[in-house]
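Taking it in order: structure first as structure tokens, then the write-up.
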Amino acid sequence: MRLTGKTAIVTGAARGLGRACALTFAAEGADLLLLDIAQDLDGVPYPLGTAGQLEHTADLCRQAGAATVTAAVDVRDARQCARAVDQALDRFGRVDVLVNNAGIASPSGKVAHDISEREWSLMIDVDLSGAWRMMKAVAPAMVQRRSGSIINVSSTAGTVGYRHFASYVAAKHGLIGLTRAAALDYAPVQVRVNALCPGSVRDDPVLEGRMLAEIARSLEVSVDDHERIFVRDQPMNALIEPSDIANAALWLATDESRQVTGSVLTVDGGFTSR
Amino acid sequence: MTTSTIDDLASGCHSLVLRLPDTADAQRLLSGVTPGPVHVWRTEVPAGSDEPTGRDRRRAESLRPLHRDGPPLRAVALQYTDGATDLVLVAVRTVIPPAALLRIARTVLDGSGDPLPPVPAAATRPAPVQRGRLDWGLGDPRLLGVTGSTRIDLTSLPAGAERFLPAAIALAVSRYSGGDPTALGVLDLENGPGEDIGVHALDAPRQGTIADLLHRLDQPPTAPQEPPPVGVVLSPAFEDGTYTACLAPVFPLTVQLDRGCALATCWFDQGIVDATVARQFCGHVAHLAGQLAAGDAQRPQVGLELLPQAEQAALLQAGRAGADGDSVPVRGRIDRAFEAVAAKQPQAVALVADEEELTYRQLDERAEAVAAGLRALDVPPGSRIGVCLDRDAELVVTLLGVLKADCAYVPMDPRYPAQRLSFTTCNAELPVVITTAAEFPAEPGTRVLTPQEVARPAAKGAAAGPGRRPAGEKGHQGDDPAYVIYTSGSTGTPKGVVVPHRNVLALLRATERDFALGPDDTWTLFHSSAFDFSVWEMWGCLLTGGRLIVVPYWTTRDTDEFYTLLAEQRVTVLNQTPSAFAQLIRHDQHARRQLALRLVIFGGEPLDARMLAPWFARHPATDCRLVNMFGITETTVHVTAQTVTPHEVVTGSRSVGRPLPGWSVSVRDEQGRVLPPGPAGEIYVGGAGVADRYLGLPELTRQRFVVDETTGERVYRSGDKGRLRPDGRLDHLGRLDNQVKIRGHRIELDEIRAVLMGAPHVTAAAVVVNRDQPDDPAGSRIDAYVVLTTAAEADRAQVLAHARATLPDYMMPATLTPVSEIPLTINGKPDTSKLPDPRAAAPAGLPEARQPVEAEAASGAVPDALADTVLSIWSKQLNTPVKPQDNFFVLGGNSLLVVRVLAEMRERNLPKVSLKQFYRHSTAAEFTELVRQLQDSSH
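Quick note, the sequences are listed as chains X and U, same order. Count the first sequence with the working numbering and you get residues 1 to 274, in order. Count the second sequence with the working numbering and you get residues 1 to 939, in order.
So, in structure tokens, the structure goes:
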């Protein structure tokens with residue numbers, strides 16, 4: 001049990017990577033505050049996590065023995081972020097780990113100058129500013145205890161470009177910039193900030209089918225070809241499993257990585273090393 | 001044992017776990033108990049309430065501190081799969097004190113709670129406590145802030161034992177602290193909402209009765225300047241539920257005692273207190289509480305037992321390393337064991353000294369000639385024979401010959417002053433002294449002979465000749481003394497330690513396999529035969545078939561030469577004092593030659609493992625094993641062994657390891673009672689190495705070699721301070737009295753003081769050891785202070801002359817400072833801390849030798865660059881201004897500082913000066929002249 005007695009907050013926890021992180025942390029003894037927007041978002045052309053999915057993640061964590069609290073939080077709203085963190089502090093007395101996983105992959109599929117002001121703002125607001133708002137809410141408690149690990153889930157799109165994804169690539173690059181700067185801000189007080197860059201992840205087709213279809217559409221490939229192309233492009237010739245990301249996050253969450261801060265950890269089967 | 005992590009607020013929080021009635025609605029019941037809203041967190045537990053998972057969750061929840069900025073009360077309803085629900089309340093004590101928590105409990109359980117007084121809007125929250133040190137805690141600094149807990153179970157003790165718990169804790173703390181004044185902290189939670197920590201001072205419990213102690217603890221505690229490391233938290237009785245008074249230790253070691261409850265909880269910071277030590281401490285507290293409850297209050301405290309008998313026996317057993325393979329005591333004689341080796345490998349080289357090389361057969365034959373010669377002198381078997389020879393082949397031949405003649409050797413260093421040689425000769429009643437020293441002092445009844453005069457080449461086969469005792473006689477069991485080595489004595493005079501043959505054989509049996517000693521090894525005989533390290537060097541080598549390189553005296557003083565010898569002779573086993581090895585390490589940094597060392601053994605003085613870092617950088621631990629050994633002459637060279645690895649270097653370990661197979665170690669208090677791991681006490685050594693006795697000192701022998709009442713074993717009280725660790729290893733903490741070890745020499749400061757007191761015009765004297773650099777053992781210096789009847793400078797010179805005539809060089813004070821009086825402590829003991837800085841006084845130079853210097857300076861001597869260089873090197877190494885007429889050794893120079901001077905000269909490209917030359921040109925002017933000549937001759 002590598003996280004016994006520790007408390008973690010995971011955003012975007014209703015499904016996918018967030019759920020995988022939550023379950024992995026629960027199995028290692030952490031107590032959890034699981035957050036998700038738990039509703040669809042105007043402008044995102046695929047369904048987001050639901051309250052039912054969030055509760056299902058929480059139930060799975062409770063079965064694993066974690067004291068688990070859930071809340072519907074839109075990371076675009078600073079007050080909601082702050083309230084959620086207060087909840088974690090009231091219930092658990094401390095926050096050790098924050099996984100900034102909440103994010104959207106679309107609206108996408110346009111060349112840069114075709115992106116609307118609104119589409120651009122939405123992407124930046126969720127994928128970049130959302131992580132900053134959660135950090136803003138959590139950091140004071142971590143600074144006070146002089147201990148903590150913040151894990152920002154960026155993407156390979158945080159280190160390389162993808163055509164037709166300018167706003168997403170910009171937000172994820174920005175998240176790495178935020179990671180590096182904040183790492184320096186908090187290094188003197190032993191609070192660590194790192195970024196995780198997943199490659200193409202195999203997700204539950206039931207939960208993520210329409211998101212993947214939207215990505216395929218943006219890349220102008222068929223949904224069936226999409227997986228084949230990604231497998232071909234990732235040198236290890238396999239899609240990344242959600243557990244691969246969760247295990248990397250677990251390592252960043254524990255003291256095993258105590259000297260790791262400001263780092264960008266790619267889990268992409270070698271994709272960005274080509 | 002569970003752990004949780006200490007939060008700032010954790011020690012200021014308390015908790016209560018209540019089993020809710022089936023019908024209870026916690027949210028509704030709690031709605032009125034505090035002025036603010038109380039949120040009840042519902043948490044499902046995927047297990048039954050009595051399953052381990054259920055219990056763990058309950059416990060974890062009850063130890064979960066509040067957040068500093070959150071509400072002062074947290075309520076969590078744990079819902080188990082069996083339908084049961086626990087309500088876990090965690091609160092800030094200063095805001096919701098125990099009484100308020102009690103009322104909340106009543107409200108929840110039966111609705112009878114009185115209305116709560118309003119919670120102050122900005123109630124103060126306790127500041128984080130300061131965490132003190134606890135020498136006996138042995139905590140792991142890496143775990144600082146991690147809470148451990150354990151229970152003190154009093155249920156099996158007489159009723160009411162819990163009343164005595166504070167007194168039992170006070171007694172245990174006092175005993176653990178070795179009787180030093182200490183204190184017990186108290187936080188009484190029934191005393192209103194106050195968080196004021198009180199403290200009871202505890203003196204050494206030697207005199208007082210139990211009643212005195214109980215009376216003292218009944219007095220109101222005083223306010224501490226800083227919280228003591230051990231304390232009691234007294235909490236009110238909670239009829240319902242499980243109450244925890246603090247979620248992290250208030251004191252680094254905290255005992256929570258619930259009124260009227262026979263179960264107390266001990267909380268401790270694992271960074272300060274090791275879990276094993278804490279558990280054991282709690283056991284001892286319980287044992288003391290039982291005795292207090294059962295006993296007569298007029299009994300003296302000192303009579304109470306800290307450890308139950310069974311635990312004492314178990315500790316003694318644990319301190320006894322099993323003899324290798326079997327526990328049959330080792331029997332036999334050194335000379336017979338040598339003969340067996342010689343018979344097995346007669347042609348193998350046994351001894352190398354300068355140009356001379358002796359095979360095992362040659363050594364055996366030459367020693368036999370010595371034995372035959374002694375027999376021919378009608379020296380009866382069992383006699384003690386003085387041997388005062390320099391380190392050469394003759395020394396080893398003679399020592400072996402003495403043993404072969406069924407005699408014991410009494411080694412004397414030819415460099416000792418005549419007075420010390422006379423003393424040993426008379427004290428040991430030596431009928432014969434074998435020496436090459438022409439000036440060896442004559443004593444009536446003692447024949448002083450050279451080795452040549454003694455040796456009598458025997459006929460072939462004489463080894464089994466008529467002079468030998470037939471095999472199988474009692475003496476062959478090895479009970480006869482093999483040697484008598486004189487050590488510094490606490491009475492001011494050296495005392496002879498009588499060591500039988502079998503002890504040495506047992507030492508070899510204990511180490512041979514672990515160190516893989518054998519015929520492939522090459523050892524050095526580096527140390528004086530009067531220092532028992534040489535016993536190990538000589539017999540360790542020759543009884544395992546190795547090749548022994550006798551290191552000439554001047555080479556032992558010259559690191560450069562010695563290093564060359566190690567490389568050329570491919571020495572594999574080296575024994576060194578840490579001080580000497582430090583010089584070798586320094587040299588090793590620049591040396592190009594390959595060493596063949598595979599085993600280095602440290603002995604003679606405490607090792608600071610940190611000095612070995614540069615060595616390990618060049619010599620991996622896998623190539624050459626380093627072993628730190630603790631030992632005493634009275635226990636036959638070694639007692640314990642600790643392999644030193646880079647890990648010990650990093651941790652700055654003081655461990656000397658575990659006892660050798662056949663040896664035993666225990667740490668005891670002033671009454672001789674066994675102490676548990678943790679507290680410091682006197683090291684007692686038992687087993688195969690314990691010497692016979694002190695020669696001619698039956699009373700001292702009785703005091704130091706005692707029979708352990710528990711085991712019936714003969715043990716030696718070492719006078720060394722030590723502590724056991726829970727893993728059975730021993731930490732050596734120096735001498736209990738003021739006997740000190742300097743560069744491997746055991747020196748009783750009282751002995752030096754006694755000599756000074758014997759000098760003319762001296763009315764009082766004090767001797768202290770100082771170090772210029774605290775971490776540099778080579779910088780150790782003996783400073784002496786005398787009170788003279790006159791202020792004449794000539795008197796001081798007389799004192800010095802007297803000391804020089806009596807004391808061996810290594811015991812000579814580096815400075816001698818006249819003072820008007822020796823300051824005393826209130827106990828009437830010399831207060832060395834109040835003595836003036838010896839630097840402020842003139843160095844102990846001879847005044848008449850100094851005058852010309854000033855005269856010369858006044859006459860304005862011509863500038864001399866070389867002289868300036870020499871003076872600056874000397875000044876730097878001696879850490880004092882040096883003038884041309886100053887003598888290096890009078891200014892406190894010693895052999896190690898000589899080596900440093902030579903090293904610095906090498907760095908400055910000055911000609912190489914041998915040690916012998918240095919000693920012969922020991923004033924700065926002479927030395928400068930020497931260097932000038934060497935420089936000229938090389939051009």
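Glycine included, C-beta positions come from ideal geometry on N, C-alpha and C. Just so it is clear, the structure is predicted and the values come from calculations on it, not from any experiment.
Exposed unless 16 or more other CB atoms sit within 10 angstroms - verdict on Ala-471 (chain U): What you label residue 471 (chain U) is simply residue 471 of the second sequence in a count that begins at 1. The predicted position of Ala-471 (chain U) is uncertain, since its pLDDT is 46 and thus under 50; no value can be drawn from it.
Taking C-beta to C-beta, are Ala-72 (chain X) and Thr-43 (chain U) nearer than 8 angstroms? Residue mapping note: residue 72 (chain X) aligns to position 72 of the first sequence, counting from 1. Residue mapping note: residue 43 (chain U) aligns to position 43 of the second sequence, counting from 1. Cβ atoms of Ala-72 (chain X) and Thr-43 (chain U): not closer than 8 angstroms.
Determine the closest residue to Tyr-684 (chain U) out of U:Tyr-694, U:Gly-678, U:Ser-664 and U:Asp-692, with distance taken between C-alpha atoms. As a working mapping, residue 684 (chain U) is identified with position 684 in the second sequence. Cα-wise, what sits closest to Tyr-684 (chain U) is U:Ser-664.
Tell me whether the beta-carbon of His-284 (chain U) lies closer than 8 angstroms to the beta-carbon of Ala-161 (chain U). The residue given as residue 284 (chain U) occupies position 284 in the second sequence. The residue given as residue 161 (chain U) occupies position 161 in the second sequence. The criterion of a C-beta distance shorter than 8 angstroms is not satisfied by His-284 (chain U) and Ala-161 (chain U).
If we call anything under 8 angstroms between Cβ atoms a contact, is Val-550 (chain U) one with Val-674 (chain U)? In the second sequence, the residue the question calls residue 550 (chain U) occupies position 550. In the second sequence, the residue the question calls residue 674 (chain U) occupies position 674. No, the Cβ-Cβ distance between Val-550 (chain U) and Val-674 (chain U) is not below 8 angstroms.
C-beta atoms of Asp-90 (chain X) and Pro-71 (chain U) nearer than 8 angstroms: Along the first sequence, one-based indexing puts residue 90 (chain X) at 90. Along the second sequence, one-based indexing puts residue 71 (chain U) at 71. A contact, by the Cβ cut-off of 8 angstroms.
Drop a sphere of 10 angstroms on the beta-carbon of Lys-883 (chain U), count the other beta-carbons inside from all chains shown, and report buried for 16 or more, exposed for fewer. Residue mapping note: residue 883 (chain U) aligns to position 883 of the second sequence, counting from 1. By the neighbour-count rule (16 or more Cβ atoms within 10 Å), Lys-883 (chain U) is buried.
Under a Cβ-count criterion, where at least 16 other Cβ atoms within 10 Å of its own Cβ denotes burial, should Gly-386 (chain U) be classed as buried or exposed? Within the second sequence, residue 386 (chain U) is the residue found at index 386, counting from 1. Flag for Gly-386 (chain U) reads buried.
Roughly how many angstroms lie between the CA atoms of Val-350 (chain X) and Leu-265 (chain X), to the nearest whole one? Nothing can be reported for residue 350 (chain X), as the shown portion of chain X is limited to 1 through 274.
In whole angstroms, what separates the C-alpha of Ser-257 (chain X) from that of Asp-354 (chain U)? Working through the first sequence from its first residue, we reach residue 257 (chain X) at position 257. Working through the second sequence from its first residue, we reach residue 354 (chain U) at position 354. Ser-257 (chain X) and Asp-354 (chain U): Cα-Cα distance of roughly 59 angstroms.
Contacts that Trp-41 (chain U) makes with chain X (C-beta to C-beta distance below 9 angstroms): Your numbering for residue 41 (chain U) matches position 41 in the second sequence. Ordered by position in chain X, the residues that pass the 9 angstroms Cβ test against Trp-41 (chain U) are Ala-67, Val-69, Asp-90 and Arg-91.
Three-way DSSP call (helix, strand, coil) for Leu-3 (chain X) in this model: By 1-based counting over the first sequence, the position of residue 3 (chain X) is 3. Coil, per DSSP.
For Leu-253 (chain U) and Val-230 (chain U), believed in contact at Cβ under 8 angstroms, the rounded distance: As a first step, residue 230 (chain U) must be located in the second sequence, where it is residue number 230. As a first step, residue 253 (chain U) must be located in the second sequence, where it is residue number 253. Correct: roughly 5 angstroms between the Cβ atoms.
Rounded separation between Ala-27 (chain U) and Arg-19 (chain U) - CA only: Here residue 27 (chain U) is taken as the residue at index 27 of the second sequence, counted from 1. Here residue 19 (chain U) is taken as the residue at index 19 of the second sequence, counted from 1. In the sequence as displayed, the identity of residue 27 (chain U) is Gln instead of Ala. Answer to the nearest angstrom: the Cα atoms are 14 angstroms apart.
Residues near Val-755 (chain U) in its chain [Cβ-Cβ closer than 7 angstroms; skip 5 each side]: Stepping through the second sequence from its first residue, residue 755 (chain U) is reached at position 755. The residues are Ala-803, Thr-806 and Leu-807.
What would DSSP say about Asp-212 (chain U), mapped onto helix, strand or coil? In the second sequence, the residue the question calls residue 212 (chain U) occupies position 212. Assigned with DSSP and collapsed to three states, Asp-212 (chain U) falls in helix.
Shortest alpha-carbon distance to Glu-821 (chain U) belongs to which of U:Ala-814, U:Met-811 and U:Thr-832? Position 821 of the second sequence holds residue 821 (chain U). Measuring from the Cα of Glu-821 (chain U), the nearest candidate turns out to be U:Thr-832.
Cα separation between Val-250 (chain U) and Asn-887 (chain U)? Sequence index remark: in the second sequence, residue 250 (chain U) carries index 250 (1-based). Sequence index remark: in the second sequence, residue 887 (chain U) carries index 887 (1-based). One C-alpha to the other measures close to 60 angstroms.
Answer yes or no: do Leu-543 (chain U) and Ala-691 (chain U) have a C-beta to C-beta separation smaller than 8 angstroms? By 1-based counting over the second sequence, the position of residue 543 (chain U) is 543. By 1-based counting over the second sequence, the position of residue 691 (chain U) is 691. No.
Would you say the stretch 545-564 of chain U touches the stretch 393-402 of chain U, given that touching needs at least three Cβ pairs under 8 angstroms? yes
Nearest-angstrom Cα separation, counted from Leu-32 (chain X) out to His-164 (chain X): Working through the first sequence from its first residue, we reach residue 164 (chain X) at position 164. Working through the first sequence from its first residue, we reach residue 32 (chain X) at position 32. Rounded to the nearest whole angstrom, the C-alpha separation of His-164 (chain X) and Leu-32 (chain X) is 36 angstroms.
Proximity test, Cβ basis, 8 angstroms: Ala-20 (chain X) and chain U: Here the question's residue 20 (chain X) lines up with position 20 in the first sequence. No, Ala-20 (chain X) does not count as interfacial toward chain U.
His-14 (chain U): first and last residue of the uninterrupted beta strand (DSSP E) it sits in: Your numbering for residue 14 (chain U) matches position 14 in the second sequence. Segment 13-19, the beta strand (DSSP E) holding His-14 (chain U).
Using the beta-carbon count (16 or more within 10 Å), is His-732 (chain U) buried or exposed? Locating residue 732 (chain U) in the second sequence gives position 732, counting from the first residue. It counts as buried.
So, with DSSP's three-state summary, where would you put Met-629 (chain U)? By one-based count along the second sequence, residue 629 (chain U) stands at place 629. Correct three-state label for Met-629 (chain U): strand.
For Tyr-486 (chain U) and Lys-495 (chain U), believed in contact at Cβ under 8 angstroms, the rounded distance: For this step, residue 495 (chain U) is matched to residue 495 along the second sequence. For this step, residue 486 (chain U) is matched to residue 486 along the second sequence. At roughly 7 angstroms, the Cβ-Cβ gap stays under 8 angstroms, so Lys-495 (chain U) and Tyr-486 (chain U) are in contact.
Output the residue ranges of the beta strand (DSSP E) runs that lie fully inside the stretch 43-102 of chain X and measure 3 residues or longer, sorted by chain position. 68-72 and 97-100
Rounded C-alpha distance that separates Asp-608 (chain U) from Leu-252 (chain X): Start at 1 with the first residue of the second sequence, and residue 608 (chain U) comes out as number 608. Start at 1 with the first residue of the first sequence, and residue 252 (chain X) comes out as number 252. Rounded to the nearest angstrom, the gap between the Cα atoms of Asp-608 (chain U) and Leu-252 (chain X) is 38 angstroms.
How about Arg-62 (chain X): is its C-beta nearer than 8 angstroms to some C-beta of chain U? For the purposes of this step, residue 62 (chain X) is taken as residue 62 along the first sequence, with counting starting at 1. Arg-62 (chain X) counts as touching chain U.
Closer than 8 angstroms to chain X by CB, Arg-74 (chain U): Sequence index remark: in the second sequence, residue 74 (chain U) carries index 74 (1-based). Judged by the 8 angstroms Cβ criterion, Arg-74 (chain U) is in contact with chain X.
Distance, Cα to Cα, Val-768 (chain U) vs Pro-813 (chain U)? In the second sequence, counting from the first residue as 1, residue 768 (chain U) sits at position 768. In the second sequence, counting from the first residue as 1, residue 813 (chain U) sits at position 813. Cα-Cα distance, rounded: 9 angstroms.
Nearest-angstrom Cα separation, counted from Cys-407 (chain U) out to Asp-479 (chain U): Numbered from 1 along the second sequence, position 479 holds the residue referred to as residue 479 (chain U). Numbered from 1 along the second sequence, position 407 holds the residue referred to as residue 407 (chain U). Roughly 12 angstroms separates the two Cα atoms.
Going by beta carbon distance, what residues of the same chain come within less than 7 angstroms of Gln-291 (chain U), once the five residues before and after it are set aside? Start at 1 with the first residue of the second sequence, and residue 291 (chain U) comes out as number 291. Result list for Gln-291 (chain U): Leu-304 and Glu-305, in chain order.
What residue range is occupied by the uninterrupted beta strand (DSSP E) comprising Val-153 (chain X)? As a working mapping, residue 153 (chain X) is identified with position 153 in the first sequence. Annotation for Val-153 (chain X): the continuous beta strand (DSSP E) segment containing it runs 148-153.
Is Gly-719 (chain U) close to chain X? Criterion is C-beta to C-beta, closer than 8 angstroms. In the second sequence, residue 719 (chain U) corresponds to position 719, counting from 1. No, its Cβ sits nowhere closer than 8 angstroms to a Cβ of chain X.
Under 9 angstroms Cβ-Cβ, which residues of chain U neighbour Ala-137 (chain X)? As a position in the first sequence, residue 137 (chain X) is number 137, starting the count at 1. None at all; the shortest Cβ gap to chain U is about 13 angstroms.
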